[in-house]
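*Asks:* Got a structure here, written out as structure tokens. Questions coming.
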Amino acid sequence: EMMYETKHLGFPVVERGSLVGIVALADVHKISPADREAMQVRDVMTKNPTTLPPSAPLIDALRIITGQNIGRVPVVADDTLVGIVTRTDVLRVMELREER
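Using full-length UniProt numbering, you'd call the opening residue of the sequence shown number 1 and step up by one each time.
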């Protein structure tokens, strides 16, 4: 429901302050509608997703997103989720640079 309400296609999953996974709409679509009611987030999330530190160059995020064909990369500092970089974020930055 949250994905449809917010129009975000994926969310990080945090437990006790630490990132434990990421769940995307594509993961949810793999589950039949009848089975979704009984499923928990941990059942469909990608565990231990690839992450980046805040100091990582944006090109690293682009390489991960395109190389793994994913829509977002969690940004983690000291085992704490501090942000998320999406494919759209990267494209916007590239577009802004081209306009200069």
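All C-beta atoms in this analysis are idealised placements derived from N, C-alpha and C, irrespective of residue type, glycine included.
Everything numeric in this text was worked out from a predicted model, so none of it was measured.
Since T80 contacts G17 with CB under 8 Å, what's their CB separation in whole angstroms?
*Replies:* 6 Å
*Asks:* Taking the runs of the alpha helix (DSSP H) that are 4 residues or longer, which of them lie wholly in the stretch 40-93?
*Replies:* 41-44 and 58-67
*Asks:* How many whole angstroms separate the CB atoms of I64 and V73, which I take to be in contact at a CB cut-off of 8 Å?
*Replies:* 5 Å
*Asks:* With distances taken Cα to Cα, identify the nearest neighbour of I70 among V90, P53 and D78.
*Replies:* V90
*Asks:* Among residues of its own chain, excluding the 5 on either side of I31, which ones have a beta-carbon nearer than 7 Å to its beta-carbon?
*Replies:* M39 and V44
*Asks:* State the Cα-Cα distance for the pair Q68 and D27, rounded to the nearest angstrom.
*Replies:* 15 Å
*Asks:* Quick one: using the 10 Å Cβ neighbour count with 16 as the cut-off for buried, is P49 buried or exposed?
*Replies:* buried
*Asks:* I'd like the list of long-range same chain contacts for R42, defined as Cβ closer than 6 Å, with 5 residues on each side in sequence excluded.
*Replies:* none
*Asks:* Three-state secondary structure (DSSP) at L25?
*Replies:* Helix.
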